[in-house]
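Remarks on the structure that follows.
Protein chains: 2
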Amino acid sequence: MSDRRVDRLTSLLRRRGVVLPSFELYGGVSGLVDYGPVGARIRRKVMDSWIDHWTSHGDIVEVDSPAITPESVLVASGHVGEFNDLMVECGGCTGAFRVDHLIEDSHENKNSLSPEELVAILSTGIECPTCKESKWSDVRTMDLMFSTQIGAMKGGRKAYMRPETAQGMFMLYPALFRHFKQKLPFGAIQTGKGYRNEISPRQGMIRLREFNMAELEYFIDPEDPPCPSLNTWSDSIALVPDPDGEHSGECLITISEALSAGIVRHPTVAWFLARTMDFLINVGIDSTRIRFRQHASTEMAHYADDCWDCELHGEHGWVECVGIANRTCHDLLSHERHSGSKQLKAWRQFEEPRSEIRDVLVPNGASLGPAFKGRAGKVIEALQNLTEIPEKMPFELTLTDGSSVQITDEMATRRSEEVTLHGEWFTPHVIEPAFGIDRIIWHILDHSYTETEKEGEKYSIMRLSSNVSPYDVAVLPLFDKDGMGEIASDILSRVNSMPGLRGEMDSSKSIGRRYARVDEIGVPWAITVDHETLKDGSVTVRRRDDQKQIRVMVDDVLLNLGTGTVSTLF
Amino acid sequence: MSDRRVDRLTSLLRRRGVVLPSFELYGGVSGLVDYGPVGARIRRKVMDSWIDHWTSHGDIVEVDSPAITPESVLVASGHVGEFNDLMVECGGCTGAFRVDHLIEDSHENKNSLSPEELVAILSTGIECPTCKESKWSDVRTMDLMFSTQIGAMKGGRKAYMRPETAQGMFMLYPALFRHFKQKLPFGAIQTGKGYRNEISPRQGMIRLREFNMAELEYFIDPEDPPCPSLNTWSDSIALVPDPDGEHSGECLITISEALSAGIVRHPTVAWFLARTMDFLINVGIDSTRIRFRQHASTEMAHYADDCWDCELHGEHGWVECVGIANRTCHDLLSHERHSGSKQLKAWRQFEEPRSEIRDVLVPNGASLGPAFKGRAGKVIEALQNLTEIPEKMPFELTLTDGSSVQITDEMATRRSEEVTLHGEWFTPHVIEPAFGIDRIIWHILDHSYTETEKEGEKYSIMRLSSNVSPYDVAVLPLFDKDGMGEIASDILSRVNSMPGLRGEMDSSKSIGRRYARVDEIGVPWAITVDHETLKDGSVTVRRRDDQKQIRVMVDDVLLNLGTGTVSTLF
Chain H
0 MSDRRVDRLT SLLRRRGVVL PSFELYGGVS GLVDYGPVGA RIRRKVMDSW IDHWTSHGDI
60 VEVDSPAITP ESVLVASGHV GEFNDLMVEC GGCTGAFRVD HLIEDSHENK NSLSPEELVA
120 ILSTGIECPT CKESKWSDVR TMDLMFSTQI GAMKGGRKAY MRPETAQGMF MLYPALFRHF
180 KQKLPFGAIQ TGKGYRNEIS PRQGMIRLRE FNMAELEYFI DPEDPPCPSL NTWSDSIALV
240 PDPDGEHSGE CLITISEALS AGIVRHPTVA WFLARTMDFL INVGIDSTRI RFRQHASTEM
300 AHYADDCWDC ELHGEHGWVE CVGIANRTCH DLLSHERHSG SKQLKAWRQF EEPRSEIRDV
360 LVPNGASLGP AFKGRAGKVI EALQNLTEIP EKMPFELTLT DGSSVQITDE MATRRSEEVT
420 LHGEWFTPHV IEPAFGIDRI IWHILDHSYT ETEKEGEKYS IMRLSSNVSP YDVAVLPLFD
480 KDGMGEIASD ILSRVNSMPG LRGEMDSSKS IGRRYARVDE IGVPWAITVD HETLKDGSVT
540 VRRRDDQKQI RVMVDDVLLN LGTGTVSTLF
Chain E
0 MSDRRVDRLT SLLRRRGVVL PSFELYGGVS GLVDYGPVGA RIRRKVMDSW IDHWTSHGDI
60 VEVDSPAITP ESVLVASGHV GEFNDLMVEC GGCTGAFRVD HLIEDSHENK NSLSPEELVA
120 ILSTGIECPT CKESKWSDVR TMDLMFSTQI GAMKGGRKAY MRPETAQGMF MLYPALFRHF
180 KQKLPFGAIQ TGKGYRNEIS PRQGMIRLRE FNMAELEYFI DPEDPPCPSL NTWSDSIALV
240 PDPDGEHSGE CLITISEALS AGIVRHPTVA WFLARTMDFL INVGIDSTRI RFRQHASTEM
300 AHYADDCWDC ELHGEHGWVE CVGIANRTCH DLLSHERHSG SKQLKAWRQF EEPRSEIRDV
360 LVPNGASLGP AFKGRAGKVI EALQNLTEIP EKMPFELTLT DGSSVQITDE MATRRSEEVT
420 LHGEWFTPHV IEPAFGIDRI IWHILDHSYT ETEKEGEKYS IMRLSSNVSP YDVAVLPLFD
480 KDGMGEIASD ILSRVNSMPG LRGEMDSSKS IGRRYARVDE IGVPWAITVD HETLKDGSVT
540 VRRRDDQKQI RVMVDDVLLN LGTGTVSTLF
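Those sequence lines, one after another, are chains H and E.
Under numbering that gives the first Met the number 0, the letters of the first sequence match residues 0 to 569, in that order.
Under numbering that gives the first Met the number 0, the letters of the second sequence match residues 0 to 569, in that order.
Okay, structure coming up:
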């Protein structure tokens with residue numbers, strides 16, 4: 000067995016039921032992992048923390064849309080035809096590889112290379128990592144989406160498993176706009192699975208074919224972007240600005256200074272950098288191993304205008320775990336063009352009404368009233384807000400509630416006149432923080448994993464934050480006899496009945512081996528029930544991080560467990 | 000517009016952002032729904048309640064496995080080749096239909112019919128529901144799974160989107176067995192998406208192509224099944240026993256009586272019926288609209304030996320929402336046969352050791368010790384527990400931790416002798432409660448939706464349990480001026496900072512219209528900030544269910560909100 004720390008950690012995660020290769024009974028499938036009995040609870044706590052973090056703001060809500068996505072949506076988003084990688088097969092071992100992976104040691108910034116440049120570098124004698132030959136097939140494009148079909152036969156439609164959760168939120172923009180009473184800014188979050196049919200997945204949890212995503216779309220008026228105060232964040236953070244820009248070179252600086260200096264270009268993006276930092280530290284990421292790297296102009300998606308990757312440092316070097324992008328109006332505008340929907344806009348009220356000469360349709364109340372009754376007011380409003388006057392009557396008029404009515408000749412009169420404009424419709428901009436939850440969990444585990452020694456033997460402790468520990472406490476009867484097991488069961492029930500708390504009980508093997516196991520899976524506290532407990536109700540409480548033990552009454556430790564204050568007993 | 004209650008409810012759910020058709024901008028896809036800003040939180044609370052409900056037991060843990068599943072797993076589970084429906088196309092309108100749907104008015108228990116019987120009934124002149132013709136194509140079989148491919152080209156593998164979450168848990172049985180220190184009973188839960196490529200989805204949330212599942216696999220020793228006391232459940236519940244059995248006919252009876260009478264055949268199944276009832280009532284299902292229907296022997300899967308559907312009554316009649324099945328050893332045994340794994344068993348300790356004459360391998364400590372060092376004990380244990388002695392040396396020996404070692408000639412001696420057996424390996428049985436979360440949410444909404452009148456106009460109230468309400472409280476500034484908006488914002492922040500609580504603020508339109516909206520989405524409490532609040536810090540608190548209003552100090556209502564005791568103020 001290899002003696003690298005990354006292998007020892009991976010082996011621990013597997014042995015202890017944290018993260019395991021999927022479908023191992025059938026030989027496994029690379030790029031798919033299971034969260035086992037220990038890991039699934041860590042995953043849930045990380046997801047829940049993320050959801051709480053954003054929904055506590057008051058203007059951000061959760062939504063949930065399907066992973067199966069019809070092709071038309073992903074044509075509009077640009078994924079169909081563009082979401083792919085260049086691959087080659089090796090003439091020696093027939094293995095398939097991504098071209099950018101093969102050349103990554105030979106070029107610093109592979110994301111900025113064109114397909115032609117990639118191929119050129121490949122032909123300079125790059126070796127196959129498996130068989131060391133240099134006989135490459137022609138380069139071809141591989142679609143990175145998992146494709147499927149909805150329905151059957153004549154009614155069948157081509158579809159894909161979503162490559163990101165974002166599109167589902169753009170689809171729900173009209174519902175969100177209604178929910179927030181037509182007032183920007185507001186945001187939506189979605190968590191769930193994303194899919195990417197990688198050619199050659201590797202690096203364990205870093206590059207998965209099915210992964211846990213958590214994305215936020217924050218819709219703003221670009222002329223009036225939210226500028227929350229950044230004074231709360233007085234700690235410096237590591238920034239790596241655009242290498243082609245005027246601020247190139249890593250710096251350690253507060254968010255507020257970075258915004259004033261023009262390194263971070265958008266005030267709302269700056270605020271999301273700060274809040275992302277908060278979240279990561281809250282779930283146990285080491286703050287000294289976080290940095291934000293700004294995309295070079297050559298690397299940035301064509302529509303985006305300020306993009307930052309939040310990178311975490313661990314066994315795989317610096318890895319992108321969060322992307323924060325100002326996507327401008329790109330997504331909503333593209334869906335408006337492809338779907339023809341009129342519902343992807345927001346209303347901007349002018350501070351002062353403006354005058355303009357233009358064609359208008361003057362509503363004819365005498366005809367509209369009887370025709371639409373209670374809705375006539377809405378129809379008149381929509382007529383007055385029309386930005387483009389249709390050439391011909393009758394035409395279809397869309398109301399603010401999304402429904403539409405037919406307007407005939409007698410209902411409105413065309414006239415050219417000076418109009419007073421109270422506001423205008425526009426396409427909101429979107430700031431998108433997108434989190435790769437599996438990568439974050441990997442780094443939580445990596446940063447928590449501590450190798451030490453105990454009585455001359457190797458000893459591992461997973462120093463997980465109690466915010467994400469798989470159990471809040473382990474309950475250990477010293478022996479499973481004389482009623483100690485029953486008392487331990489009773490303590491476990493009391494723990495499990497407290498909101499949000501979960502304990503586990505273990506009566507196997509020696510107490511030393513049981514302590515070692517709970518240290519390895521990151522349980523912060525252990526309660527041991529022994530002969531004295533039978534007499535006086537006291538228990539031993541053991542702290543994972545320094546293995547210190549104290550003697551406390553069981554009622555006291557449970558009370559402190561409920562309030563998160565066990566450490567005050569020490 | 001149709002004037003049926005089900006249509007009014009569906010329209011409310013859509014208008015208020017609870018549940019909406021997916022991808023409507025692109026014409027929609029039948030069988031896919033979105034949970035909007037209001038519904039997604041209801042969904043999350045139902046899911047969280049479900050997870051809490053089961054994990055509080057102490058011997059049930061959560062796991063999480065991928066939705067993409069390689070073909071081999073679903074061949075073993077029986078889904079490939081068996082998970083399909085019979086369909087026909089109409090010669091008139093070319094619509095595709097499920098044969099069992101077409102004939103369901105013509106036959107009472109369609110689940111018990113063979114394909115030949117279905118076709119025979121179809122040819123008796125059943126009309127197309129769309130065009131009323133009776134010209135049917137040949138009947139064919141449609142695969143109900145969404146298929147896809149993992150990887151590309153030579154390395155590509157056929158795969159499906161999982162039709163249930165259960166298989167992922169069977170895959171993790173070895174990790175669960177280790178986690179629970181090789182001691183039955185224990186259980187695993189998994190929540191997530193399931194997929195079913197329906198031919199003709201209908202009935203809104205009842206028959207979806209992508210749905211929210213929540214399943215539990217409880218592994219037991221069939222010779223020593225858990226028999227928890229049923230005395231806690233003294234209420235009678237509605238049972239519809241097997242129509243072919245001796246107890247046919249609906250009855251109202253306690254679970255404990257049903258078990259004694261032999262209606263429920265398995266003690267662990269009985270306990271799961273009771274706990275399922277608890278869960279449903281806790282999330283707001285009307286207890287008088289729950290019944291448990293036992294499968295007829297003809298309808299039951301061939302491997303199962305006591306199956307119950309929990310049916311809920313609503314706008315679509317009685318609908319199966321939970322299935323509780325004793326699946327015996329079927330699944331683990333089938334995976335053992337298909338995968339060749341030796342890790343799908345459990346150990347049963349005999350009360351008294353038993354003697355038996357048989358071939359044994361006597362471990363040779365002098366050779367095993369140096370070869371395996373610290374692991375030698377485990378190797379000896381595994382040698383002694385071998386049930387089948389291999390014909391030839393050397394051979395591969397699997398240890399209890401799942402690893403394997405090679406045993407050579409000198410490490411053990413073959414002998415025929417009287418052995419003392421301390422126990423035996425066996426395949427655990429599985430009790431599986433499987434919950435259709437979307438169907439349950441539909442019935443929560445259906446049972447909560449109340450149509451009433453107010454001042455001569457129709458008025459709707461969604462009487463959701465506070466356990467699943469989308470917001471815990473609405474904060475409403477009477478006007479958005481004189482600082483009322485700021486005070487409301489501050490109250491909202493205080494609400495959102497309390498664990499698990501979420502409020503929303505609404506300052507649009509008249510207070511009456513805002514109350515009507517929060518009643519429609521089921522918010523149990525509203526706090527109104529008005530001119531008096533500015534003077535003395537008191538607010539109006541309004542109760543959704545009887546619309547009663549009281550005047551309270553804001554600190555008092557927040558305190559009571561945190562402890563779930565606002566009703567004591569009234």
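Where a beta carbon is used, it is the ideal one built from N, C-alpha and C, also for glycine.
As far as DSSP is concerned, R208(H) takes part in no beta bridge. Of the candidates H446(E), K341(E), D518(E), D518(E) places its Cα closest to the Cα of P469(E).
Counting along the chain, the unbroken beta strand (DSSP E) around N83(E) starts and ends at 83-88.
Close partners of E216(H) in chain E (Cβ separation under 8 Å) are lacking, with about 12 Å as the shortest Cβ gap.
The residue among T123(E), I406(E), E249(E), E216(E) with its C-alpha nearest the C-alpha of E61(E) is E216(E). Ranked by how close their Cα comes to the Cα of S136(E), the residues A381(E), T397(E), E126(E), G35(E) have E126(E) in first place. Within the DSSP bridge table, the entry for I289(H) names L311(H) as partners. Contact between D505(E) and R513(E) holds, since their C-beta atoms are separated by about 5 Å, short of 8 Å. The region 436-522 of chain E is shown to contain whole beta strand (DSSP E) runs of 3 or more residues at 448-453, 456-461, 472-476, 502-504, in chain order. Fully contained in the region 96-152 of chain H are the following beta strand (DSSP E) runs of length 3 or more, in chain order: 139-142, 146-149. Judged by DSSP in its simplified three-state form, L398(E) adopts coil rather than helix or strand. Ranked by Cα distance from N211(H), the first of T164(H), T9(H), I406(H), I526(H) is T164(H).
Using a CB distance below 7 Å, the part of the region 38-61 of chain H facing chain E consists of A39, R40, R42, R43, T54, S55, G57, V60, E61, ordered along the chain. Of the candidates S122(E), R195(E), T190(E), R195(E) places its Cα closest to the Cα of A151(H).
Distances from the alpha-carbon of V263(E) to those of R288(E), N466(E), A237(E) put A237(E) closest. Any Cβ of chain E closer than 8 Å to the Cβ of S459(H) would place that residue at the interface, and such an atom is absent.
Per DSSP, the beta bridge partners of M160(E) are I67(E).
At a cut-off of 8 Å between beta-carbon atoms, H334(E) makes contact with chain H.
Collapsing the DSSP output to three states places L343(H) in coil.
The beta carbon of H442(H) is closer than 7 Å to those of I284, L311, G313, C320 in its chain, skipping five residues each way along the sequence.
The contact set of D33(E) on chain H, defined by CB atoms closer than 9 Å, consists of V62, D63, S64, P65, G167, M170, L171, A174 in chain order. Think of a sphere of 8 Å around the beta carbon of I198(E): the chain H residues whose beta carbon falls inside it are G150, A151, in chain order.
A residue is called buried when at least 16 other Cβ atoms come within 10 angstroms of its Cβ; M552(H) does not meet this threshold and is exposed. Per DSSP, the beta bridge partners of K192(H) are N211(H). A distance below 8 Å separates the beta carbons of A411(H) and N363(H). Distance between G155(H) and E197(E), taken at the CA atoms: about 11 Å. Contact between the region 483-501 of chain E and the region 46-66 of chain H is present: 3 or more CB-CB pairs across the two stretches fall below 8 Å. When secondary structure is reduced to three states using DSSP, P266(H) falls in the helix class. When the Cα atoms are used, G511(H) and R353(E) turn out to be separated by approximately 33 Å. In the displayed model, V282(E) falls within coil according to three-state DSSP, outside both helix and strand.
E416(E) is positioned such that its CB atom lies closer than 8 Å to that of V359(E).
Annotated three-state conformation of M410(H) is helix, per DSSP. Within the model, the alpha-carbon separation for I188(E) versus A213(E) is close to 7 Å. Taking 3 residues as the minimum length, the beta strand (DSSP E) runs contained wholly in the region 37-67 of chain E are 59-61, in order along the chain. Here the alpha carbon of I254(E) sits roughly 15 Å from the alpha carbon of D305(E).
The three-state secondary structure of G27(H), taken from DSSP, is coil.
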